[in-house]
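Numbering (the UniProt record's numbering), first residue to last: 1 to 710.
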């Protein structure tokens, strides 16, 4: 049952039927009704002396009846107990929150440890709940592709299914052909073979290879490349963080954190030493790239002419940038020195430059070769990618071949896969509720900014305008979702029916590359990959927040859950990005390109009580204030009680569920301990302490607090 649907009300029962008063004893049911008008005429003459008494009683009864009716109409309405949520969605979320919950832990001592004790990772390779959500998406997408029948009318999904099945059915017979094509692909890119062979040819420049893989083959390991145009046709090349294969990255982390293992008999000590060295190189490179991916509260977008790019990358000249970009973008785009490199944050290219300075080109190319092998080689043969460390089952994340198969299929067919998820969950029916929730977060931010007593009028005006001007992109364009012909036309030139998997992979990715420079390319590659990309991102250059379909699936959003669950879910993850708009540089496009304007930063607020990493109130506390305000406003708007509980979880109030959900969705594993740094910001939020009745002076309710907006 929908949590917002009508339920039987407890308390006063109303009816349109005439009421009768019923007195029940152990013998009879006696119905008391007004006396019949015939009573007075049916009495014996000798009994007519009773008429005055009867009349008096009738008058009194009438008065009582009128008084009762008047009270019924004029009295205040009784408080009706709010119903409990007993939908499957609420039960599912309740089970997630309390199964395994360590009730011996005091929520007022360490709320992160308390809530995250109930978190059971979906995979041993999940280090946080976002990786769990990726893992679940891939599982569900794999089952979806495996269960769907080939539909002649839906050519796009039929091609995706055929490609997925071809990946699953790679056999010992077809494997040599796949390996040969993969090795040929590496050789043509002049990438050093990762295992066994020595390079017999001059190696390419790493930047040339990385641009080629991202632009032409949709393999954005260090960074992703998109091409933008202004209305005046000025060219901008947007370089954003890469999307290296998540499970391989997690395996690297696991290897580094668990270096002790038994040496298998078939692997030489030298092979193990080399493998260990490779892993440390890969881990060091990916760790630096990860740091650049984590957006700081004050991002520094950059729009720089190619002819001036060496100021950011001294190790790579402007001429080299121009040469490599022309090589991979022409003739589709005419790249000149006046074309601009666009960055969401300049730290990305600063990191790339540092890596190119730190490592030899041959080491970087070998690293790229391992990335290609770990991305593609796992589905071709277990022997292909670096066999020395593949022998360790405990660090090999892709034991189920359907996982890498789904990831690679979705790289190309993300649109039809997303459309299938939308159809399966009937998300279109709940689009209005999702839009309202997102809008509530935006409106709550504006409301809090307006009511702030420390921001100047100019700061308020600028901040509110940034929020109001921001577009929200949730999922593919409506015509693509509802019109199979429109979807099929996007994939009309994509091949299907091949026998060799890697050959088919190159063909479908080449078909994607052929769409570069057309409106179709934005549809093909514009939506996030549900099993790998961040679910909520902000694009400075389009001033838009982009949400993946996975962001509106459980456990972040349920169609039939309480507001405490949904606002503690997706709203709490969206709030930090919306708050980030308040302190972000603005970008404007004109006839000659893009111009970045660095806005005045907000005045520094007093340091919060949170001692971890010297946090202040921005952005963590500010985001909690926004999410909580959106939640409260939504309840008030719908005339709902603030205490809608979950059946089977009645011990927790709705506000407690809100805070538990907020915390749970940010749990992570750090040095063997499940916790959440985001939960620490709740120490400075008074409604949290009130909800859990934390004693003053306890860890989660310190004597001194600070907020952001107030």
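The beta-carbon is built from N, C-alpha and C at its ideal position, and this holds for glycine as well. Here the structure is a predicted model, which is why all the values come from computation and not from measurement.
Alpha-carbon to alpha-carbon, residue j and residue i
i: residue 414; j: residue 525; result: 8 Å
i: residue 694; j: residue 110; result: 11 Å
i: residue 475; j: residue 345; result: 25 Å
i: residue 202; j: residue 504; result: 29 Å
i: residue 515; j: residue 408; result: 19 Å
i: residue 506; j: residue 330; result: 20 Å
i: residue 303; j: residue 596; result: 7 Å
i: residue 403; j: residue 337; result: 42 Å
i: residue 678; j: residue 319; result: 44 Å
i: residue 481; j: residue 420; result: 9 Å
i: residue 326; j: residue 579; result: 38 Å
i: residue 518; j: residue 332; result: 10 Å
i: residue 588; j: residue 594; result: 6 Å
i: residue 742; j: residue 469; result: The structure shown does not extend to residue 742, since the chain spans only 1 to 710, so no value can be given for it.
i: residue 113; j: residue 672; result: 12 Å
i: residue 559; j: residue 324; result: 48 Å
i: residue 542; j: residue 529; result: 19 Å
i: residue 87; j: residue 546; result: 29 Å
i: residue 491; j: residue 423; result: 19 Å
i: residue 669; j: residue 658; result: 22 Å
i: residue 676; j: residue 534; result: 18 Å
Nearest-angstrom Cβ-Cβ length linking residue i and residue j, presumed shorter than 8 Å
i: residue 215; j: residue 328; result: 5 Å
i: residue 446; j: residue 209; result: Going by Cβ atoms, the distance from residue 446 to residue 209 rounds to 46 Å, so no, they are not a contact pair.
i: residue 206; j: residue 306; result: Between residue 306 and residue 206 the Cβ distance is about 18 Å, and since that is not below 8 Å, they are no contact.
i: residue 372; j: residue 219; result: 7 Å
i: residue 574; j: residue 536; result: 6 Å
i: residue 138; j: residue 406; result: 5 Å
i: residue 691; j: residue 653; result: 7 Å
i: residue 239; j: residue 225; result: 6 Å
i: residue 630; j: residue 444; result: 4 Å
i: residue 97; j: residue 117; result: Contact flag wrong, Cβ pair sits at about 11 Å.
i: residue 129; j: residue 119; result: 7 Å
i: residue 471; j: residue 495; result: Their Cβ separation, rounded to whole angstroms, is 35 Å, which puts residue 471 and residue 495 out of contact at 8 Å.
i: residue 572; j: residue 634; result: Between residue 634 and residue 572 the Cβ distance is about 13 Å, and since that is not below 8 Å, they are no contact.
Local conformation of residue i per DSSP, three classes
i: residue 696; result: coil
i: residue 170; result: coil
i: residue 369; result: helix
i: residue 668; result: strand
i: residue 204; result: coil
i: residue 713; result: What is shown of the chain runs 1 to 710, which leaves residue 713 out entirely.
i: residue 674; result: strand
i: residue 583; result: helix
i: residue 305; result: strand
i: residue 644; result: coil
i: residue 148; result: coil
i: residue 682; result: helix
i: residue 340; result: strand
i: residue 85; result: strand
i: residue 154; result: coil
i: residue 710; result: coil
i: residue 444; result: helix
i: residue 360; result: coil
i: residue 100; result: coil
i: residue 219; result: coil
i: residue 459; result: helix
i: residue 562; result: coil
i: residue 416; result: helix
i: residue 653; result: coil
i: residue 618; result: coil
i: residue 439; result: helix
i: residue 454; result: coil
i: residue 467; result: helix
i: residue 569; result: coil
Beta-ladder partner(s) of residue i, from DSSP
i: residue 491; result: Answer by DSSP bridge pairing: none, since residue 491 is not bridged.
i: residue 231; result: BP columns for residue 231 are empty, so no partner.
i: residue 588; result: 595
i: residue 240; result: 224
i: residue 538; result: 545
i: residue 90; result: Note: residue 90 sits in no beta bridge, so no partner.
i: residue 701; result: 698
Within the region 105-146, note down every full alpha helix (DSSP H) run reaching 4 residues or more, in order along the chain.
111-116
Secondary structure, alpha helix (DSSP H): runs of 4+ residues fully inside the region 471-524:
478-482, 484-490, 501-514
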